[in-house]
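Inspection log for the structure reproduced underneath, given as structure tokens.
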Amino acid sequence: MTSQDDEDAVEGNIVGLVEYLAKSVVDHPDEVRVESTQDDEYTIYQLHVAEEDVGKIIGRRGRVAKAMRTLLKVAAIKNHEHAILEIE
Amino acid sequence: MTEPVQFTGKNVEAAIAEAEAQLGKSRDDLEIEVQSQGSRGVFGLGGEPARILVRDPSAPPPVEVPAPSPPTRVEWERPQARVARPEPSPSLSEPAPAPERSHAEVGEIAQPAEEIVGAMLTKMGFDAEVSVRSDEDPVTVDVAGDNLGVLIGRRGDSLTALQFMVNVILSKRFHTWPHVVIDVQGYRSRREQSLSSLGQRVADRVRRNRRPFTLEAMPANDRRIIHLALRDRRDVETYSVGEGPTRRVVIAPKR
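Protein chains in written order, with this note's numbering: chain A, 38 to 125; chain B, 3 to 257.
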């Protein structure tokens, strides 16, 4: 369980998770960028990848993106936040 | 298994279920081509069985598969092969993952699999112990620790996502779909046991009542466990009905 104090570290963690997953799947890992923005309720994680890698991130029938969103949600629950993944 | 195999059934659904059971794979992992829908005939007479052609995705995908979502894992590492290299090239493509793999190959996947799971869990904020059964095929990564329920999720949804991502990442590295299994606190083995025994109990009842019984909706992997658990029984047959998240296994008396 996470205390209030280390929520910043935790957020870095989820950025790291999204980054790790994306970099492991694409052809151009150096073009992977993850930014997080916080509004009142949600933390929004924006994932940018090279244009030709978008298909890889989405996967057939959207399975990769769906799995990444599920894992992001798990990490968010674990760290007591509401998170959204946006893929650009 | 690079050659397509034909399966038949009383309808397309039954034929696909048969293919899933025989190949031990979910339809999501297979390329399925319907050759004949089959027909019922009149009063049960003169009906034609449905025929489908099933290809294991280890084969290079056919050229006509529409991009960007070819239903095969080849997508991950070599998308251009779809167009430029429709024929398998022995030097470039990995052999199909045969049910029995050599220990060398299995061992090669085991350690990276363990590392990937460990890296993901740490980043997700879990303090868990990760170990791998590298002497087993499929390679199984075990995760143990406290408060891991959220990692399993509803009906194993989160665990399915975790396992899928680990296989996607490994397939990028090894150019073959590794079929690594991830288990959390023995969830999968417990689930498999309870599904098998549920299947057997319902099958016994179906035999006594001589009436088909429809189980509750389940994800593909759970349905597969039931199909496999009952495939050797001579008194009942199994198939699935419905689509997507409401897909259910039917256990019916065999004629």
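Glycine residues also receive a C-beta, built at the ideal position from the N, C-alpha and C atoms. None of these values were measured; they are calculated from a predicted model.
Cutoff 6 Å; reference G273 of chain B; Cβ partners in own chain excluding five residues on either side:
Summary: the structure shown does not reach residue 273 of chain B, with chain B confined to residues 3 through 257, and so no result is reported for it.
How many whole angstroms separate the CB atoms of H85 of chain A and E56 of chain A, which I take to be in contact at a CB cut-off of 8 Å?
Locating residue 85 of chain A in the first sequence gives position 48, counting from the first residue. Locating residue 56 of chain A in the first sequence gives position 19, counting from the first residue. The pair is not a contact, with the Cβ atoms about 11 Å apart (cut-off 8 Å).
For T178 of chain B, does the three-state DSSP call read helix, strand or coil?
Here residue 178 of chain B refers to the residue found at position 176 when the second sequence is read from its first residue. The answer is coil: DSSP assigns T178 of chain B none of H, G, I, E or B.
For A52 of chain B, which of B:Q202, B:V7, B:A16, B:E33 has the nearest alpha-carbon?
Position 50 of the second sequence, counted from the first residue, corresponds to residue 52 of chain B. Of the listed residues, the one whose Cα sits closest to A52 of chain B is B:A16.
If I measure Cβ to Cβ from A248 of chain B and keep anything under 8 Å in the same chain, skipping five residues before and after, which residues do I get?
As a working mapping, residue 248 of chain B is identified with position 246 in the second sequence. Ala is not the amino acid found at residue 248 of chain B; the sequence shown has Thr there. Contacts found: A219.
Tell me the DSSP bridge mates of V134 of chain B?
Indexing the second sequence from 1 puts residue 134 of chain B at position 132. Beta-bridge pairing links V134 of chain B to B:V143.
Residues of chain B with CB closer than 7 Å to the CB of R100 of chain A, please, in chain order.
Stepping through the first sequence from its first residue, residue 100 of chain A is reached at position 63. For the C-beta of R100 of chain A, the chain B residues within less than 7 Å are, from N- to C-terminus, F166.
Cβ of K125 of chain B less than 8 Å from any chain A Cβ?
Stepping through the second sequence from its first residue, residue 125 of chain B is reached at position 123. Chain A, which has a Cβ nearer than 8 Å to the Cβ of K125 of chain B, makes this yes.
Rounded separation between D31 of chain B and H119 of chain A - CA only:
Mapped onto the second sequence, residue 31 of chain B falls at position 29. Mapped onto the first sequence, residue 119 of chain A falls at position 82. Cα to Cα, the separation comes out at about 32 Å.
Please confirm if F176 of chain B has its CB atom under 8 Å from at least one CB of chain A.
Your numbering for residue 176 of chain B matches position 174 in the second sequence. It does not; no Cβ of chain A falls within 8 Å.
Determine which residues share a DSSP beta bridge with D185 of chain B and list them.
Within the second sequence, residue 185 of chain B is the residue found at index 183, counting from 1. Residue pairing by DSSP places D185 of chain B opposite B:D144 in a beta bridge.
Using a Cβ-Cβ distance under 8 Å, would P68 of chain B count as near chain A?
Looking up residue 68 of chain B in the second sequence gives position 66. For P68 of chain B, the predicted structure reports a pLDDT of 39, less than 50, and the residue's modelled location is therefore unreliable. A value from the coordinates is still provided. At a cut-off of 8 Å between beta-carbon atoms, P68 of chain B makes no contact with chain A.
Residues of chain B with a CB under 9 Å from the CB of V62 of chain A: which are they?
What you label residue 62 of chain A is simply residue 25 of the first sequence in a count that begins at 1. Residues of chain B passing the Cβ test: W78, M167, V170, I171, K174.
Report yes if the C-beta distance between Q187 of chain B and A146 of chain B is below 8 Å; otherwise report no.
Residue mapping note: residue 187 of chain B aligns to position 185 of the second sequence, counting from 1. Residue mapping note: residue 146 of chain B aligns to position 144 of the second sequence, counting from 1. Yes, these two residues count as a Cβ contact at 8 Å.
Within-8 Å CB hit, L55 of chain B to chain A
Locating residue 55 of chain B in the second sequence gives position 53, where the first residue counts as 1. Output row for L55 of chain B: interface = no.
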